[in-house]
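Novice: Top to bottom, those sequences are chains Z and U.
Going by the numbering used here, the first sequence wraps up at 846, each residue one higher than the last.
Going by the numbering used here, the second sequence wraps up at 451, each residue one higher than the last.
Cβ coordinates follow ideal geometry from the N, Cα and C atoms, glycine included.
This structure is a prediction, so every number in the text was calculated from the model and none was measured.
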Amino acid sequence: MRNVIAIANKELRSYFSSPMAYIIIGFFALPFGVFFYLYVDFFVRQSMQMPDMGGGALNVNQQVIRNVLQNAAVIILFIMPMITMRTYSEEKRSGTIELLLTSPVTDVEIILGKFFGALGLYVVMLLVTLLYIAILFVYGNPEWRPLVACYLGLLLMGGSFLSIGLLISSTTNNQIVAGIISFIVFLMLWIVGWFADTAGPVMGAVTRYMSITEHFDDFSKGIIDTKHIIYYLSLITLGLFLTAKSVDSERWRG
Amino acid sequence: MIEVQHLTKRYGRVTAVDDVSFRVERGEILGFLGPNGAGKTTTMRILTGYMPATEGRATVAGYDVFDKPIEAKRRTGYLPETPPLYPDMTVREYLDFVARIKGVSSAERAARVDAVMRRTHVDDMASRHCGKLSKGYRQRVGLAQALLHNPEVLILDEPTAGLDPKQIIETRDLIRGLAGDHTIILSTHILPEVSQTCQRVVIINKGRVVAVDTPDNLTARLRGAETLYVEVDARGQDVAAALARIPGVTRVGHADQRHDSGAYEVESERGHDVRRDIAREIVTSGWGLLELRPMRMSLEEVFLQVTTEEPAPGEPDARDGGLAPGEPEDRLEGRPSNA
Numbered sequence: 593m594r595n596v597i598a599i600a601n602k603e604l605r606s607y608f609s610s611p612m613a614y615i616i617i618g619f620f621a622l623p624f625g626v627f628f629y630l631y632v633d634f635f636v637r638q639s640m641q642m643p644d645m646g647g648g649a650l651n652v653n654q655q656v657i658r659n660v661l662q663n664a665a666v667i668i669l670f671i672m673p674m675i676t677m678r679t680y681s682e683e684k685r686s687g688t689i690e691l692l693l694t695s696p697v698t699d700v701e702i703i704l705g706k707f708f709g710a711l712g713l714y715v716v717m718l719l720v721t722l723l724y725i726a727i728l729f730v731y732g733n734p735e736w737r738p739l740v741a742c743y744l745g746l747l748l749m750g751g752s753f754l755s756i757g758l759l760i761s762s763t764t765n766n767q768i769v770a771g772i773i774s775f776i777v778f779l780m781l782w783i784v785g786w787f788a789d790t791a792g793p794v795m796g797a798v799t800r801y802m803s804i805t806e807h808f809d810d811f812s813k814g815i816i817d818t819k820h821i822i823y824y825l826s827l828i829t830l831g832l833f834l835t836a837k838s839v840d841s842e843r844w845r846g
Numbered sequence: 113m114i115e116v117q118h119l120t121k122r123y124g125r126v127t128a129v130d131d132v133s134f135r136v137e138r139g140e141i142l143g144f145l146g147p148n149g150a151g152k153t154t155t156m157r158i159l160t161g162y163m164p165a166t167e168g169r170a171t172v173a174g175y176d177v178f179d180k181p182i183e184a185k186r187r188t189g190y191l192p193e194t195p196p197l198y199p200d201m202t203v204r205e206y207l208d209f210v211a212r213i214k215g216v217s218s219a220e221r222a223a224r225v226d227a228v229m230r231r232t233h234v235d236d237m238a239s240r241h242c243g244k245l246s247k248g249y250r251q252r253v254g255l256a257q258a259l260l261h262n263p264e265v266l267i268l269d270e271p272t273a274g275l276d277p278k279q280i281i282e283t284r285d286l287i288r289g290l291a292g293d294h295t296i297i298l299s300t301h302i303l304p305e306v307s308q309t310c311q312r313v314v315i316i317n318k319g320r321v322v323a324v325d326t327p328d329n330l331t332a333r334l335r336g337a338e339t340l341y342v343e344v345d346a347r348g349q350d351v352a353a354a355l356a357r358i359p360g361v362t363r364v365g366h367a368d369q370r371h372d373s374g375a376y377e378v379e380s381e382r383g384h385d386v387r388r389d390i391a392r393e394i395v396t397s398g399w400g401l402l403e404l405r406p407m408r409m410s411l412e413e414v415f416l417q418v419t420t421e422e423p424a425p426g427e428p429d430a431r432d433g434g435l436a437p438g439e440p441e442d443r444l445e446g447r448p449s450n451a
């Protein structure tokens, strides 16, 4: 555990001691802010027209937070390769992997350390977005419980991307290659859900189940369903397990 | 302390290390000598648990590196060929991180980092980023990293590569000072380094051990005949024939290509010192004796001899650009590596 913390700490520090972390956070916060503005603007207009149409009050959680976070999920998909692409490939290229692999730490500790380091940066990204949400609390009265579900969903979905990204990074010593492959894989995992409605009943269910972003939908509504939690946790475990296998096979091949 | 038995490593169809066995006793410095690509780094990587061997066993400090990797690694310090530094960390941050993953307790971590930095003379660069260090400093930070957890066994892959002559001397002194408390294997292709630092030498070529001995014994054992260099000022005279008549002399040859400079190589039976007789012969003949000295076979020649003894058929040169034949020995010292 001590080793996992040491490695996670080092990973996190290396993100923040290079411009990488700031670029990533900026790249995430900016479109998030744009979506936030657009949805709040739309929401305010709608609620001003609402009395004329004879309806009741609108739900901030459903109309603003849900929509903003669903769009954020897509931005996250674009950003995650930037976080994971260097984790293993850079260590392999520069030879520092030799230090880790000859230190008295296990492969699993190294992988978990790298995973939690990347997750740490992702959590910082999510914390930045809470500033926007705080504005809603100042000027409105959204419910906090569904919000917790939303952020839990974002965390699990991001964790899944990170574990797959880690796996891809462990297979190459070129971080650009790792980044591009991760991006393509993440993109596939997103758009596979688009076929859910047009494919047959069986294939539709399969593709819907495979899509990473599809499972976030319930979380964004404020529903915590164990089905989705299990999906994400098993995806994370699978990614980390395959990373361990990839690191081990690299060892044997030399 | 270190025991290697029948170690073999194959990459696909290429055999990098072929049935290598040797032992290193506690407190000893073993030199691992061989041309580039001989399998030195691969052997060291197996010993440090970086990669498993295809066949054979290796034990470090009593722990099998394959069965008990964590225990073995706890007792091993390793300096890889390229020092494994994180460019965006300062030297102190880096060493602190390494101390953590090497299992140095938090109570003594800061003190260990300071002590190691002083010992390897990098303390003046403590707050400099590793990526901005010169080659010499990088190498020494790499060495500092290997010493952090005070390991019983040190495995150093070309520890003096890239250092300037003053730093090379300092590093050798440091390594010699570490022996006794630590058992050390160091690899190099710089030969004087071995004779100056190591108590025993393993010469490895094409993945096979070709010789194991002390530097002195190796030189002596392979010397065979005693050879003298004689330079005589005697134009037009048949010096070679006169020298060959001296009892004990087995062979007289010209020491240079032109055959007319008066320089000869005189070989004699082992243990038979013919220097007095040669001097008397030359002087009584009325020639001028310009030079007379023993041509002791240097470790370099030993090395060349053992690594080129039996070239495999179809392979023109065993020395992958490591050392050129016939190159004067004094020019080889401190020669930049091709690696």
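1) Within this structure, are the beta carbons of proline 271 of chain U and leucine 191 of chain U separated by less than 8 Å?
2) Run through the DSSP bridge pairs and tell me what asparagine 317 of chain U is partnered with.
3) Indicate the three-state DSSP secondary structure (helix, strand or coil) for glycine 792 of chain Z in the structure shown.
4) Hey, asparagine 317 of chain U and glycine 124 of chain U: beta-carbon distance below 8 Å or not?
5) Which residues bound the beta strand (DSSP E) around phenylalanine 787 of chain Z?
6) So, are the CB atoms of leucine 142 of chain U and valine 129 of chain U less than 8 Å apart?
7) So the beta strand (DSSP E) valine 116 of chain U belongs to, where does it begin and stop?
8) Between the Cα of arginine 845 of chain Z and those of U:Glu282, U:Ser218, U:Arg138, U:Thr154, spot the shortest distance and give me the residue it belongs to.
9) Taking only beta-carbon atoms, is methionine 163 of chain U less than 8 Å away from chain Z?
10) Quick one: Cα of alanine 452 of chain U to Cα of alanine 211 of chain U, how far?
11) With a cut-off of 8 Å, does the C-beta of phenylalanine 144 of chain U fall near any C-beta of chain Z?
12) When the Cα of glycine 398 of chain U is compared with those of U:Tyr376, U:Arg347, U:Ala291, which residue comes out closest?
13) At what residue ranges does the segment 237 to 288 of chain U contain a whole run of the beta strand (DSSP E), taking only runs of 3 or more?
14) If the cut is a Cβ gap below 7 Å, which residues of chain Z does tyrosine 190 of chain U touch?
15) Counting beta carbon pairs with one atom in the segment 731 to 740 of chain Z and one in the segment 653 to 670 of chain Z, are three or more of them shorter than 8 Å?
16) So lysine 185 of chain U packs on serine 695 of chain Z, CB below 8 Å; how close in whole Å?
17) Less than 8 Å between the CB atoms is what I'm expecting for serine 752 of chain Z and tyrosine 824 of chain Z, so what's the real figure, rounded?
18) Check this for me: beta carbons of leucine 303 of chain U and methionine 407 of chain U, under 8 Å apart or not?
19) Drop a sphere of 10 angstroms on the beta-carbon of serine 826 of chain Z, count the other beta-carbons inside from all chains shown, and report buried for 16 or more, exposed for fewer.
20) Does the distance from the CB of phenylalanine 808 of chain Z to the CB of alanine 665 of chain Z come in under 8 Å?
21) My guess is that leucine 754 of chain Z and alanine 710 of chain Z are in contact by the Cβ rule of under 8 Å, so how many angstroms apart are they, rounded?
22) Which residue wins for smallest C-alpha separation from alanine 150 of chain U, given the options U:Ala367, U:Arg388, U:Glu393, U:Gly319?
23) Does the Cβ-Cβ distance between isoleucine 703 of chain Z and leucine 832 of chain Z come in under 8 Å?
24) Could you give the C-beta distance for serine 774 of chain Z and methionine 640 of chain Z, rounded to a whole number, given that I count them as a contact under 8 Å?
25) In three-state terms, what does DSSP make of leucine 834 of chain Z?
26) With a Cβ-Cβ cutoff of 8 Å, do valine 265 of chain U and isoleucine 114 of chain U count as a contact?
27) State the Cα-Cα distance for the pair leucine 834 of chain Z and phenylalanine 729 of chain Z, rounded to the nearest angstrom.
28) Helix, strand or coil for alanine 128 of chain U per DSSP?
29) Among the residues of its own chain, which have a CB less than 6 Å from the CB of asparagine 595 of chain Z, if the five just before and after it don't count?
30) Could you tell me the alpha carbon to alpha carbon distance between valine 172 of chain U and glutamine 117 of chain U, rounded to whole angstroms?
31) I'd like to know whether the C-beta of arginine 125 of chain U is nearer than 8 Å to at least one C-beta of chain Z.
32) Rounded to a whole number of angstroms, what is the C-alpha to C-alpha distance between lysine 819 of chain Z and valine 132 of chain U?
Specialist: Based on what the coordinates show:
1) Indexing the second sequence from 1 puts residue 271 of chain U at position 159. Indexing the second sequence from 1 puts residue 191 of chain U at position 79. Yes, the Cβ-Cβ distance between proline 271 of chain U and leucine 191 of chain U is below 8 Å.
2) Here residue 317 of chain U refers to the residue found at position 205 of the second sequence. For asparagine 317 of chain U, which the question treats as bridged, DSSP gives the partners U:Arg320.
3) Here residue 792 of chain Z refers to the residue found at position 200 when the first sequence is read from its first residue. Looking at glycine 792 of chain Z - three-state DSSP - the assignment turns out to be coil, as it is neither helix nor strand.
4) Locating residue 317 of chain U in the second sequence gives position 205, counting from the first residue. Locating residue 124 of chain U in the second sequence gives position 12, counting from the first residue. Contact flag unset, no.
5) Working through the first sequence from its first residue, we reach residue 787 of chain Z at position 195. Here phenylalanine 787 of chain Z belongs to no beta strand (DSSP E), and DSSP marks it neither H nor E.
6) Your numbering for residue 142 of chain U matches position 30 in the second sequence. Your numbering for residue 129 of chain U matches position 17 in the second sequence. No, the pair does not count as a contact, with Cβ atoms beyond the cut-off.
7) The sequence position of residue 116 of chain U within the second sequence is 4, counting from 1. 114 to 123 is the extent of the beta strand (DSSP E) around valine 116 of chain U.
8) Locating residue 845 of chain Z in the first sequence gives position 253, where the first residue counts as 1. When each option's Cα is compared against that of arginine 845 of chain Z, the closest is U:Thr154.
9) As a working note, residue 163 of chain U is residue 51 in the second sequence. Yes, methionine 163 of chain U counts as interfacial toward chain Z.
10) Residue 452 of chain U lies beyond the stretch modelled for chain U, which goes from 113 to 451, so this question has no answer here.
11) Here the question's residue 144 of chain U lines up with position 32 in the second sequence. No, no contact with chain Z.
12) Your numbering for residue 398 of chain U matches position 286 in the second sequence. Minimum Cα distance to glycine 398 of chain U is reached at U:Arg347.
13) Here the runs fully enclosed are 265 to 269.
14) The residue you call residue 190 of chain U lines up with position 78 of the second sequence. In chain order, Thr694 make up the part of chain Z whose C-beta sits under 7 Å from the C-beta of tyrosine 190 of chain U.
15) yes
16) For this step, residue 185 of chain U is matched to residue 73 along the second sequence. For this step, residue 695 of chain Z is matched to residue 103 along the first sequence. About 6 Å; that satisfies the 8 Å criterion.
17) For the purposes of this step, residue 752 of chain Z is taken as the residue at position 160 of the first sequence. For the purposes of this step, residue 824 of chain Z is taken as the residue at position 232 of the first sequence. Contact flag correct, Cβ pair sits at about 5 Å.
18) To locate residue 303 of chain U, count along the second sequence from 1; it is residue 191. To locate residue 407 of chain U, count along the second sequence from 1; it is residue 295. Not closer than 8 Å, so no.
19) Counting from one through the first sequence, the residue named residue 826 of chain Z turns up at place 234. If you draw a 10 Å sphere on the C-beta of serine 826 of chain Z, you find fewer than 16 other C-beta atoms in it, and that means exposed.
20) Counting from 1 along the first sequence, the entry for residue 808 of chain Z is found at position 216. Counting from 1 along the first sequence, the entry for residue 665 of chain Z is found at position 73. Taking 8 Å as the Cβ cut-off, phenylalanine 808 of chain Z and alanine 665 of chain Z qualify as a contacting pair.
21) For this step, residue 754 of chain Z is matched to residue 162 along the first sequence. For this step, residue 710 of chain Z is matched to residue 118 along the first sequence. Contact flag correct, Cβ pair sits at about 5 Å.
22) For this step, residue 150 of chain U is matched to residue 38 along the second sequence. Comparing Cα positions, the closest option is U:Gly319.
23) Against the first sequence, residue 703 of chain Z aligns to sequence position 111. Against the first sequence, residue 832 of chain Z aligns to sequence position 240. Contact: yes.
24) Locating residue 774 of chain Z in the first sequence gives position 182, where the first residue counts as 1. Locating residue 640 of chain Z in the first sequence gives position 48, where the first residue counts as 1. No, serine 774 of chain Z and methionine 640 of chain Z are not in contact; Cβ-Cβ is about 44 Å, not under 8 Å.
25) Numbered from 1 along the first sequence, position 242 holds the residue referred to as residue 834 of chain Z. Note: leucine 834 of chain Z maps to helix in three-state DSSP.
26) On the second sequence, residue 265 of chain U is found 153 positions in, with the first residue counted as 1. On the second sequence, residue 114 of chain U is found 2 positions in, with the first residue counted as 1. Cβ atoms of valine 265 of chain U and isoleucine 114 of chain U: closer than 8 Å.
27) Walking along the first sequence from the start, residue 834 of chain Z turns up at place 242. Walking along the first sequence from the start, residue 729 of chain Z turns up at place 137. Using only the alpha carbons, I get a separation of about 42 Å.
28) Mapped onto the second sequence, residue 128 of chain U falls at position 16. Here alanine 128 of chain U sits in strand by DSSP.
29) Position 3 of the first sequence holds residue 595 of chain Z. So the list reads Val697, Glu701, once near-sequence residues are dropped.
30) Within the second sequence, the letter at position 60 stands for residue 172 of chain U. Within the second sequence, the letter at position 5 stands for residue 117 of chain U. If I take the Cα positions, the gap works out to 12 Å.
31) On the second sequence, position 13 is the one that residue 125 of chain U refers to. Arginine 125 of chain U does not count as touching chain Z.
32) By 1-based counting over the first sequence, the position of residue 819 of chain Z is 227. By 1-based counting over the second sequence, the position of residue 132 of chain U is 20. Answer to the nearest angstrom: the Cα atoms are 55 Å apart.
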